[in-house]
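Peer 1: When the count follows full-length UniProt numbering, it moves up by one through the sequence shown with no breaks and lands on 274 for the last residue. Yeah, the Cβ is synthetic: ideal placement off N, Cα and C, and Gly gets one too. First, the structure itself, so that you have it in front of you.
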Amino acid sequence: MHVGALTLFPVKSLRGVPVREADVERHGLRGDRRWMVVDEHGETLTARRVPEMLAVTATPTPGGIVLSGEGLPSLTVLEPRGPATVAVALSRLGLATAGGEAADGWLTAALGRPARLVWLDDPSRRPVSPTHGGETGDPLSLADAGPLLLTTTASLRRLQSWVADEAQSRGEDAVSIGMERFRPNLVVDGDDLEPFAEDAWGRVRVGEVEYRFAEHCDRCVLTTIDPVTRAGGKEPLRTLAQHRRWGGKVWFGIRVIPVTAGRVAVGDEVVVTG
Numbered sequence: 001m002h003v004g005a006l007t008l009f010p011v012k013s014l015r016g017v018p019v020r021e022a023d024v025e026r027h028g029l030r031g032d033r034r035w036m037v038v039d040e041h042g043e044t045l046t047a048r049r050v051p052e053m054l055a056v057t058a059t060p061t062p063g064g065i066v067l068s069g070e071g072l073p074s075l076t077v078l079e080p081r082g083p084a085t086v087a088v089a090l091s092r093l094g095l096a097t098a099g100g101e102a103a104d105g106w107l108t109a110a111l112g113r114p115a116r117l118v119w120l121d122d123p124s125r126r127p128v129s130p131t132h133g134g135e136t137g138d139p140l141s142l143a144d145a146g147p148l149l150l151t152t153t154a155s156l157r158r159l160q161s162w163v164a165d166e167a168q169s170r171g172e173d174a175v176s177i178g179m180e181r182f183r184p185n186l187v188v189d190g191d192d193l194e195p196f197a198e199d200a201w202g203r204v205r206v207g208e209v210e211y212r213f214a215e216h217c218d219r220c221v222l223t224t225i226d227p228v229t230r231a232g233g234k235e236p237l238r239t240l241a242q243h244r245r246w247g248g249k250v251w252f253g254i255r256v257i258p259v260t261a262g263r264v265a266v267g268d269e270v271v272v273t274g
């Protein structure tokens, strides 16, 4: 098995950025989900509610990001150095640092609604919840529940075959389900990899970094939004509900927590160690 793809999401819920390699820190990939967009009340804006966010890219640069989107000039935003003074309604985090008026204005124009960009200065201020597999000292970025999301190409191929079968049984055209709908950081590939083998992985070494299993990942309505057209639909949740439903939720991928730090690159060997 090997790393088939790596993706950074510098700003929570914006479009992902494929990378060839990344540094892994205890809270996840360096630069992943250290920023997020909130409304005028500090409520987190996500692509579940605002699909227009999928049309915006935040490209990481040394010391900041570059925001880009259709019809707007690109904007460079540097990591802020001020105190965390913006009240935000995100679990286990009460305050974040303002990203600046220029970024706020740019995002407001891009999304067609009031928006503010905020920055998490120190991931240790937001621990992984024990209900999501966290242990004492596990830091977290602005991700929903865990530092990294891992999926496999074998599982996606099996899901796509199920989606095709479901469409045929209903006399519908099959929907193509790309991995980007699931927004993983780390995609594992391999000729002998069995679909959903990752469900049973307790510990895994990717390149030089060791991870432990945190939890299976329950999937939400965001997966039903085409990341290119931003049109909604019923798949893959409809099909996952037929094959991957337990505990009242549907599941695809696993959340993992780095036990060590290091570097990971596309092509690195992946070894299950426990």
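Confirm the yes/no value for this check: CB of valine 264, any heavy atom of the ligand GDP, distance under 8 Å.
Peer 2: As presented, the structure is devoid of all ligands, the ligand GDP included, so that no description of it is given.
Peer 1: Output the distance between the C-alpha atoms of arginine 238 and alanine 197, rounded to the nearest integer angstrom.
Peer 2: One C-alpha to the other measures close to 22 Å.
Peer 1: Hey, valine 209 and alanine 115: beta-carbon distance below 9 Å or not?
Peer 2: Taking 9 Å as the Cβ cut-off, valine 209 and alanine 115 do not qualify as a contacting pair.
Peer 1: Taking proline 195 as the reference, which of Ile254, Ser169, Arg170, Thr224 has the closest Cα?
Peer 2: Looking at the Cα atoms, Ile254 is the closest of the given residues.
Peer 1: Between Pro80, Ser68, Gly133, Ala265, which has its C-alpha nearest tryptophan 35's C-alpha?
Peer 2: If we check each option's Cα against that of tryptophan 35, Pro80 comes out closest.
Peer 1: Check whether the stretch 98–110 and the stretch 152–163 are in contact - that is, three or more C-beta pairs closer than 8 Å.
Peer 2: No, they do not touch.
Peer 1: Can leucine 6 and valine 264 be called in contact, C-beta distance under 9 Å?
Peer 2: Contact: yes.
Peer 1: When the Cα atoms are used, what is the spatial distance from valine 259 to valine 266?
Peer 2: Each residue's alpha carbon lies about 20 Å from the other.
Peer 1: Give me the Cα-Cα distance between leucine 222 and glycine 262, rounded to the nearest whole angstrom.
Peer 2: Whole-angstrom Cα-Cα distance: 31 Å.
Peer 1: Which same chain residues end up closer than 6 Å to arginine 244 when comparing Cβ atoms and leaving out the 5 residues on each side of it in sequence?
Peer 2: Answer for arginine 244: Val250, Trp251, listed in chain order.
Peer 1: Counting Cβ pairs closer than 8 Å, one from the stretch 126–143 and one from the stretch 175–182, do we hit at least three?
Peer 2: As far as the Cβ criterion goes, the stretch 126–143 does not touch the stretch 175–182, which means the pair count is below three.
Peer 1: Whose C-alpha, out of Asp23, Glu43, Ala103, Arg125, is nearest the C-alpha of leucine 67?
Peer 2: Leucine 67 has its Cα closest to that of Ala103, out of Asp23, Glu43, Ala103, Arg125.
Peer 1: Give the C-beta separation of proline 184 and leucine 240 to the nearest angstrom, bearing in mind that I take them to be a contact with Cβ-Cβ under 8 Å.
Peer 2: Proline 184 to leucine 240, Cβ: 15 Å. No contact.
Peer 1: Would you give the residue range spanned by the alpha helix (DSSP H) that glycine 105 belongs to?
Peer 2: Looking at the DSSP string, the run of the alpha helix (DSSP H) that includes glycine 105 is 101–111.
Peer 1: Please report the distance separating the alpha-carbon of aspartate 32 from that of valine 11.
Peer 2: About 7 Å.
Peer 1: Buried or exposed: where does tryptophan 246 fall if 16 or more other Cβ atoms within 10 Å of its Cβ makes it buried?
Peer 2: Per the 10 Å Cβ criterion, exposed.
Peer 1: Closest by CA to glutamate 21, which one among Val187, Pro227, Pro51, Asp192?
Peer 2: Among Val187, Pro227, Pro51, Asp192, the Cα nearest to that of glutamate 21 is on Val187.
Peer 1: Tell me where the beta strand (DSSP E) around leucine 117 begins and ends.
Peer 2: Counting along the chain, the beta strand (DSSP E) containing leucine 117 begins and ends at 116–119.
Peer 1: Quick check on the burial criterion: 16 or more other C-beta atoms within 10 angstroms. Buried or exposed for glutamate 235?
Peer 2: Under this definition glutamate 235 is a buried residue.
Peer 1: How big is the Cα-Cα spacing for glycine 112 and leucine 75?
Peer 2: When rounded, the distance between both Cα atoms is 17 Å.
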